[in-house]
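**Q** To start, I am sharing the structure in question, which I have written as structure tokens.
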Amino acid sequence: MTIVGPRCLRTVEQKSPRFRTSKSESSVKRGPVAPMQVAAFCNRGASQGDVVATSANGWGQTKRAFGSIGICLLVIAAGYYSWSSSIASASRLRGGKQIEIRAAAGKLDVAGTSDADVRVTIENVSAESAKTARIKIDRNRNPILIDIDDLPQFATAFVEVPRAASLAVSMGAGDLHITGVDGDKLCLLRTGKMSIDVGEPEAYKSVRGFVLAGDLHAPAFNREKGGLWRMMHWKGKGKTILDAHVGTGMLELQ
Numbered sequence: 004m005t006i007v008g009p010r011c012l013r014t015v016e017q018k019s020p021r022f023r024t025s026k027s028e029s030s031v032k033r034g035p036v037a038p039m040q041v042a043a044f045c046n047r048g049a050s051q052g053d054v055v056a057t058s059a060n061g062w063g064q065t066k067r068a069f070g071s072i073g074i075c076l077l078v079i080a081a082g083y084y085s086w087s088s089s090i091a092s093a094s095r096l097r098g099g100k101q102i103e104i105r106a107a108a109g110k111l112d113v114a115g116t117s118d119a120d121v122r123v124t125i126e127n128v129s130a131e132s133a134k135t136a137r138i139k140i141d142r143n144r145n146p147i148l149i150d151i152d153d154l155p156q157f158a159t160a161f162v163e164v165p166r167a168a169s170l171a172v173s174m175g176a177g178d179l180h181i182t183g184v185d186g187d188k189l190c191l192l193r194t195g196k197m198s199i200d201v202g203e204p205e206a207y208k209s210v211r212g213f214v215l216a217g218d219l220h221a222p223a224f225n226r227e228k229g230g231l232w233r234m235m236h237w238k239g240k241g242k243t244i245l246d247a248h249v250g251t252g253m254l255e256l257q
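The opening position of the sequence shown corresponds to residue 4 in this note's numbering, with each subsequent residue numbered one higher.
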């Protein structure tokens, strides 16, 4: 009977074929590592998918935000347009001889005279060019309507009205100048320069000036402002009302 000690036993185990490990068996033993590698790869793919999904969600939120801002701006613009259109409404004119003037674009000079009638003259262009302007005067209407359109380039429409008349003037774009009119003046110019000779400030009960974007120059009432949403309000002891509104450009009350 031979007793094999631990050292001999380890020797036998190392030499015994039954305990040899083949290359194929080794690969089988290392096999369990593969699922971990697959999991890591899947995790990396999931992370990349999350990044793509997050980017898509962020872009969608950005588009929705811009869409909401756009809608708000459209609503504000519509509200502003509706509100500003009422500035030169003929329904606001009071007593006396009332005159409504509408002009699309160009240069418009309105002057008060001692004559009781109204008159429009096209100046600074040839007679042939002046004929292309469309002038309509409706004296049978109250208030009297003067409609001016298709002014030739560089032309000036010179409008004469009674000095005591009350005016409602609405103009799209260009230069508007009013002088020598003692009645109420309700004036709207979308784009351009509006200049009004106000005369004596003491004759006015209420003066309002507004410029959405541009300059408000009113030395007659000690006001000087520039930038966005510029406005002034002046009150006196007179009877005349002046309401002047410019969308973009300049308003002068002098």
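The C-beta atom is built at its ideal place from N, Cα and C for all residues, glycine as well.
Beta-carbon within less than 6 Å of Arg233's beta-carbon, same chain only, minus the 5 sequence neighbours each way: which residues are those?
**A** Val214 and Leu219
**Q** Would you grab the beta carbon distance between Ala171 and Leu111 for me? Rounded to a whole angstrom, and I think it's under 8 Å.
**A** Not quite, the Cβ-Cβ distance comes to about 13 Å (not below 8 Å), so this is no contact.
**Q** Quick one: grab the DSSP three-state call for Phe157.
**A** Residue state for Phe157 is assigned as coil, using DSSP reduced to three classes.
**Q** Leaving out five residues on either side along the sequence, give the residues of the same chain with a beta carbon under 6 Å from the beta carbon of Glu255.
**A** Hits under 6 Å: Ser198 and His220.
**Q** Report the three-state DSSP secondary structure of Ile90 (helix, strand or coil).
**A** coil
**Q** Going by C-alpha to C-alpha distance, which of Lys208, Pro204 and His180 sits closest to Val249?
**A** His180
**Q** Helix, strand or coil for Gly73 per DSSP?
**A** Secondary structure at Gly73: helix, using DSSP grouped into helix, strand and coil.
**Q** Quick check on DSSP: helix, strand or coil for Gln3?
**A** A query on residue 3 cannot be resolved here, the shown segment of the chain reaching from 4 to 257 and no further.
**Q** Can you tell me whether Cys190 is buried or exposed? The criterion is at least 16 other CB atoms within 10 Å of its CB, across all chains shown.
**A** buried
**Q** Give me the Cα-Cα distance between Ala206 and Ile151, rounded to the nearest whole angstrom.
**A** 30 Å
**Q** May I ask you to list the residues that DSSP assigns as paired with Trp237?
**A** Val210
**Q** If you follow the alpha helix (DSSP H) that Ala133 is part of, which residue opens it and which one closes it?
**A** Ala130 to Ala133
**Q** For Glu103, count neighbouring C-beta atoms within 10 Å of its own C-beta (all shown protein chains included) and say buried if the count is 16 or more, exposed if not.
**A** buried
**Q** Quick check: does the Cβ of Ala171 come within less than 7 Å of any heavy atom belonging to the ligand PLP?
**A** Among the ligands in the structure shown, none appear at all, so the ligand PLP cannot be discussed.
**Q** Would you call the CB atoms of Ile140 and Val123 closer than 8 Å?
**A** yes
**Q** Considering only the alpha carbon of each residue, which of Ala119, Asp187, Thr65 and Phe157 lies closest to Ala91?
**A** Asp187
**Q** Can you tell me whether Pro165 is helix, strand or coil according to DSSP?
**A** In the three-state reduction of the DSSP assignment, Pro165 falls in the strand class.
**Q** Drop a sphere of 10 angstroms on the beta-carbon of Thr243, count the other beta-carbons inside from all chains shown, and report buried for 16 or more, exposed for fewer.
**A** buried
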